[in-house]
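Visitor: Note that the protein sequences, when read in sequence, are chains X and P.
Take the first sequence: its position 39, counted from the start at 1, is 186 in the working numbering, and no numbers get skipped.
Take the second sequence: its position 59, counted from the start at 1, is 60 in the working numbering, and no numbers get skipped.
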Amino acid sequence: MTNAALIWSYLTEGPLLWLTATLLAYWAGDTFFRAMGRQSWANPVLCAVIILACVLGVTGTSYQTYFEGAQFVHFMLGPATVALGMPLYDNLHRVKKALLPLIAALLAGSITAVVSALAIAKAFGLSEVMLASLAPKSTTAPVAIGIAEGLGGEPTITAVLVLVTGIFGAIIATPLLNALKITDWRARGFSLGVAAHGIGTARAFQVNETAGAFAGIGMGLNAVLTAIIAPLALYLFQ
Amino acid sequence: MIPALSIILIFQLVGEIATRSLDLLLPGPVLGLLLLVLSCSLRPALAELLRPVVNGILGHLSLFFVPAGVGVIAHLGQFRSDGLAVAVALAVSTALAIAAGALVFCAVVKWMGGPRE
Numbered sequence: 148m149t150n151a152a153l154i155w156s157y158l159t160e161g162p163l164l165w166l167t168a169t170l171l172a173y174w175a176g177d178t179f180f181r182a183m184g185r186q187s188w189a190n191p192v193l194c195a196v197i198i199l200a201c202v203l204g205v206t207g208t209s210y211q212t213y214f215e216g217a218q219f220v221h222f223m224l225g226p227a228t229v230a231l232g233m234p235l236y237d238n239l240h241r242v243k244k245a246l247l248p249l250i251a252a253l254l255a256g257s258i259t260a261v262v263s264a265l266a267i268a269k270a271f272g273l274s275e276v277m278l279a280s281l282a283p284k285s286t287t288a289p290v291a292i293g294i295a296e297g298l299g300g301e302p303t304i305t306a307v308l309v310l311v312t313g314i315f316g317a318i319i320a321t322p323l324l325n326a327l328k329i330t331d332w333r334a335r336g337f338s339l340g341v342a343a344h345g346i347g348t349a350r351a352f353q354v355n356e357t358a359g360a361f362a363g364i365g366m367g368l369n370a371v372l373t374a375i376i377a378p379l380a381l382y383l384f385q
Numbered sequence: 002m003i004p005a006l007s008i009i010l011i012f013q014l015v016g017e018i019a020t021r022s023l024d025l026l027l028p029g030p031v032l033g034l035l036l037l038v039l040s041c042s043l044r045p046a047l048a049e050l051l052r053p054v055v056n057g058i059l060g061h062l063s064l065f066f067v068p069a070g071v072g073v074i075a076h077l078g079q080f081r082s083d084g085l086a087v088a089v090a091l092a093v094s095t096a097l098a099i100a101a102g103a104l105v106f107c108a109v110v111k112w113m114g115g116p117r118e
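1) Would you tell me roughly how many angstroms separate the C-alpha atoms of LEU14 (chain P) and SER40 (chain P), rounded to the nearest one?
2) Tell me, to the nearest whole angstrom, how far the beta carbon of LEU372 (chain X) is from that of LEU265 (chain X); I am working on the premise that it is less than 8 Å.
3) When DSSP labels each residue in this structure, what does ILE329 (chain X) get in the three-state scheme?
4) Check each candidate in X:ASN150, X:HIS240, X:ALA217 and name the one with the smallest Cα separation from ALA172 (chain X).
5) THR330 (chain X) and VAL31 (chain P) - do their beta-carbons sit closer together than 8 Å?
6) Under 8 Å, Cβ to Cβ, is there at least one residue of chain X near ASP83 (chain P)?
7) Indicate whether ALA343 (chain X) and GLY316 (chain X) have their beta-carbon atoms separated by less than 8 Å.
8) Ordered along the chain, which non-local residues of its own chain (more than five positions away) have a Cβ less than 7 Å from that of ILE314 (chain X)?
9) Check each residue of the region 96-115 of chain P: if its Cβ is closer than 7 Å to any Cβ of chain X, include it; give the result in chain order.
10) Compile a chain-ordered list of the residues in the region 175-193 of chain X whose CB is closer than 7 Å to at least one CB of chain P.
11) Take GLY427 (chain X) as the anchor and find which of P:GLY16, P:ALA92, P:ASN56 has the nearest alpha-carbon.
12) Answer with yes or no whether the minimum CB distance from GLY78 (chain P) to chain X is below 8 Å.
13) Could you give the distance in angstroms between the alpha-carbon of GLN353 (chain X) and the alpha-carbon of ALA100 (chain P)?
14) Between ILE329 (chain X) and chain P, is any beta-carbon pair separated by less than 8 Å?
15) Please list the partners that ALA19 (chain P) has in chain X, where partner means a Cβ-to-Cβ separation under 8 Å.
16) What three-state label does DSSP hand LEU273 (chain X) in the structure shown?
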């Protein structure tokens, strides 16, 4: 018993345990996702998060302790964003050909995301801090946090809202776009990237290479546009 | 693998330094993304060097969101009073934004009379 406790205390001091747990949880989530025939509700990120949250809860581990191990995985978000340039490079000729639809869809998606979220939140009587934290939720996490801080929002709340938006968008995109009878992979991917940033982009890549490439473009462009739109929209709702 | 990984990290590093020193609103990695596209356009050989590593990273893009996702659980308590309102705002606005983006894209393609691909 003492031995097990000693081993446990050794493991909780280094990053090995929680790094391994993160990869195992994702592996399990991805296996489940494939076993379910890549259904959107079986989102591997959501599965992995639920598994890890249960493990942390059962073992009484704090998020800080967990993150010391998981930070190596988290760090890869930066290089992964850079790597998204490759599908953009591969599709440059198609981007040039679809420039006008891309710009129109970017404006429509971005403005809808910010304005409708603020209108609903305002109707429910949420505080101004909450409105400012909510406004940039469709854009990628580092940008959203920067925008929210500038508007007087709460960065940790924004981080949560961004993730929930991404997971929700990734889950509903396929059924929603099927119901709307959208068959153009460019439109499907791009609108998901604009509305649900990197998690939506990851989902788009799982479905179709072209959709993934256009989702990456949508995410990148919306990061810039939301920085302009969010302050304007927030001003309207205050 | 090492040259490709180094080059990707250098793009991110240059992006971070540039956005911070110039006070740009763009996050460093997004500028790194643009640098990658620009560099590959100037030197197509670079794209072939980077491709295997890039494909490896993008093949598991979802994995990298897991640690931050676990953080959501740690902060759920903050939403006890506003939970419903926030959930409705997120769900409705995200669905509307996806629909609006996709419908406008298709409408403009149709209006231009372009190929539907």
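Where a beta carbon is used, it is the ideal one built from N, C-alpha and C, also for glycine.
Guide: Put simply:
1) 15 Å
2) Actually they are not in contact, since the Cβ atoms of LEU372 (chain X) and LEU265 (chain X) sit about 16 Å apart, beyond 8 Å.
3) coil
4) X:ALA217
5) no
6) yes
7) yes
8) ASN190, VAL192, LEU193, ILE346
9) ALA96, LEU97, ALA98, ILE99, ALA100, ALA101, GLY102, ALA103, LEU104, VAL105, PHE106, CYS107, VAL109, VAL110, MET113
10) PRO191, VAL192
11) Since the displayed chain X opens at 148 and closes at 385, residue 427 (chain X) lies outside it and no answer follows.
12) no
13) 20 Å
14) yes
15) Correct list: empty, because the minimum Cβ distance to chain X is about 13 Å.
16) coil
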